[in-house]
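Colleague: I am attaching a structure below and will ask some questions about it afterwards.
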Amino acid sequence: MNNSLTRKFSLASPFARLVVAAMLVTLLVTIGGRLTTVTGALAYCQGWPLCIPAHALGWVALGHRLAVLLASALMLWAFLVAWKFHREERVLLPLTTVVATLYFGEAMIGGAQAARDFPLHLVVLHGLTSVSLWIGLVALAFVSLTRPHPPVNYPRVGFRQRFMDFLVLTKPVVVLLLLATTITALIAGWGGWPPISLTLFTLLGGALAAGGASALNQFIDRDLDKNMQRTEKRPLAAGRMFPAEGLAFALALCLLSYYVLAAFVNFTAAVLSLAGIFYYVIIYSVWLKKATVQNIVIGGGAGAIPPMVGWAAATGRVDLVSIILFLIVFMWTPPHFWALAIVRKSDYARAGVPMLPVVHGEAETRRQIWLYTWALVAVTLLLPAFNLTGTIYLVSAVVLGLWMIWGAWRVWKMEGNKPAWQMYRWTSMYLLFLFVAFMADRMG
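Have a look at this one:
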């Protein structure tokens, strides 16, 4: 029986020993933190990060801080070792990354709690993170003890190539467009220039959320992307990166986005961002994309959430303005992506994605772009119709709307890919100009 247990659980792996050590020290951190709170030892250990205890109880607080520093070092060490020697481990690498993110996320929330007088949502998040961290630590210890694989020395890849591959995972062009709708809604909701800290944390949280969701999308679609000329050179599709790396990276960004927004912005913005991640990854990428021709129509809700996040960051609420901003981006999505789908029709057909031009033909797609563009322009006029914006936005919405209607008419009546490609590019500029006009109007 002892031999069987030895074969099943082994500390022969250096990584397994490291994980067990991190778990034990984290246990000391948990116990020390509780003792510090119960005894009020913090009052006798002033200063940060270390102090000279002014009372016997001060040594409890000092010991807790030392344990925190040691646990942080071990957690960071485990993270780096996993990324250096276990990059292809589909369970071990993502699990290690998630555990490390939870650990430092819990520390972030703990600091934010004290700075903001312990709001309920942060107290609850801190508790949930603590529970999740321990579940993750136990699971990681089990995996590392039962899979004592020797470390692997992977071929050296240049820093620039690795950086660019991870950047491509986030779809940076898409992230920039989403951040543009976020920042303009934030400024508009504030009625002027918001505090620099609020702006930076909102943009950071939004970038992490959009980048993480995009990376998860590429992880899910890595086999499909191999069949499309537009996506075949992505790092996961091209094999320059292990699937475990893409998954670990994506999960870390998504978790960090929530912690940043919850700790430094507000609860509403954090929840909306999390809903956007869930919508894009689960509802669109997993369910809709390969299941229905309405994938883009329904899936447009994911990209429509960032302006709601920006508005909530400024106001702390979801109201009629943010709902209309959501509807604008929601209605903008079909003509934008269907124009691209016309150009890339053969790609989608080869990959088996039921995009509208593949299933119902180009003629029907061009007609739908025409109809949805009219609907989009009508939705943009809801803001002045409800007296939520003024003249600057109204004039801009009308002029930009006429521009889009003309572009959609050209797609509908002119054959070939050129009008569709121009429509695809114009719709991106249209959305940016419209939100800038909204921002300028609200600031005035």
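In terms of the working numbering, the sequence shown opens at residue 647 and continues consecutively. Just so you know, even glycine gets a beta-carbon here, dropped at the ideal spot from N, CA and C.
1) Could you compute how far the alpha carbon of I928 sits from the alpha carbon of L708?
2) Since L1022 and M1050 should fall inside the 8 Å C-beta cutoff, what is the C-beta to C-beta distance between them, to a whole number of angstroms?
3) Can you have a look at R680 and say buried or exposed, based on whether 16 or more other CB atoms are within 10 angstroms of its CB?
4) For the 8 Å Cβ check, are there 3 or more pairs between the segment 972-981 and the segment 942-949?
5) Roughly how many whole angstroms lie between the Cα atoms of T652 and L783?
6) Can you round the beta-carbon distance between Y1039 and F1079 to whole angstroms, since I take them to be within the 8 Å contact cut?
7) Rounded to whole angstroms, what is the Cα-Cα separation between Q1068 and K991?
8) Three-state secondary structure (DSSP) at S635?
9) Could you tell me how far apart the beta carbons of A667 and L739 are, in whole angstroms, since I believe they sit closer than 8 Å?
10) Ends of the alpha helix (DSSP H) at M810?
11) Check this for me: beta carbons of V906 and G851, under 8 Å apart or not?
12) Select from K1059, W1058, L849, L1077 the residue whose C-alpha is nearest the C-alpha of A1042.
13) Just the Cα atoms here: how many angstroms apart are V684 and W780?
14) Skipping 5 residues on each side, what residues in its chain have a beta carbon closer than 7 Å to that of A890?
15) Suppose you measure from the CA of L822 to the CA of I698; what does that come to, to the nearest Å?
16) If you scan the segment 781-869 from start to end, which runs of the alpha helix (DSSP H) of 4 or more residues do you find wholly inside it?
17) Report buried or exposed for V955, applying the criterion of at least 16 other Cβ atoms within 10 angstroms of its Cβ.
18) So T848 packs on A915, CB below 8 Å; how close in whole Å?
19) Restricting to runs no shorter than 4 residues, where is the alpha helix (DSSP H) found entirely within the segment 890-956?
20) Could you please give the first and the last residue of the uninterrupted alpha helix (DSSP H) stretch that includes A687?
21) In terms of residues, what are the limits of the alpha helix (DSSP H) holding F1079?
22) Where A853 and T827 are concerned, what is the direct C-alpha to C-alpha distance, given to the nearest angstrom?
23) Kindly list the residues whose CB is nearer than 6 Å to the CB of F910, restricted to its own chain and excluding five residues on each side of it in sequence; keep chain order.
24) Return the first residue and the last residue of the alpha helix (DSSP H) that S1042 is part of.
25) Let me confirm a value: N649 is counted as buried when at least 16 other C-beta atoms fall within 10 Å, else exposed. Which label applies?
26) Shortest alpha-carbon distance to I755 belongs to which of L768, D763, V745, T747?
27) Which class does L1027 belong to by DSSP, given the choice of helix, strand or coil?
28) Say whether the segment 791-802 touches the segment 922-938, bearing in mind that this needs 3 or more beta-carbon pairs closer than 8 Å, one atom from each stretch.
29) First and last residue of the alpha helix (DSSP H) that includes S992?
30) Would you give the residue range spanned by the alpha helix (DSSP H) that L716 belongs to?
31) Taking all protein chains shown into account, do 16 or more other C-beta atoms lie within 10 angstroms of the C-beta of G678, making it buried, or fewer, making it exposed?
32) Can you grab the Cα-Cα spacing for the pair S718 / F750, in whole Å?
33) Output the boundary residues of the alpha helix (DSSP H) element that contains P881.
34) Please report how far the alpha carbon of M647 lies from the alpha carbon of A689, in whole angstroms.
35) Can the beta-carbon of S903 be found less than 8 Å from the beta-carbon of S919?
36) Could you tell me the distance, in whole angstroms, from the CA atom of R663 to the CA atom of F788?
Modeller: The relevant details are as follows:
1) 45 Å
2) 7 Å
3) exposed
4) yes
5) Per-residue confidence for T652 stands at a pLDDT of 46, beneath the threshold of 50, marking its modelled position as unreliable; the derived number appears in the next sentence. Rounded to the nearest angstrom, the two C-alpha atoms are 21 Å apart.
6) Actually they do not touch by this definition, with Cβ atoms about 11 Å apart.
7) 16 Å
8) With the chain covering 647 to 1090 only, the question about residue 635 has no answer from this structure.
9) That pair is no contact at about 19 Å.
10) 805-815
11) yes
12) The question names Ala, but residue 1042 is Ser in the sequence shown. Selected option, being the one with the closest Cα: L1077.
13) 21 Å
14) R733, E734, E735, R736, L739, P740
15) 48 Å
16) 805-815, 818-836, 842-866
17) buried
18) 7 Å
19) 913-924, 941-949
20) It is not in any alpha helix (DSSP H) - A687 carries neither H nor E in the DSSP assignment.
21) 1063-1089
22) 12 Å
23) F847
24) 1037-1059
25) Reliability of the predicted coordinates at N649 is poor, the pLDDT of 48 falling under 50, and no value is obtained from them.
26) L768
27) coil
28) no
29) 991-997
30) 704-731
31) buried
32) 8 Å
33) 881-884
34) Model confidence at M647 stands at a pLDDT of 41, short of 50, so the residue's coordinates are unreliable; what they give is reported in the following sentence. Distance between the alpha carbons of M647 and A689: 51 Å.
35) yes
36) 12 Å
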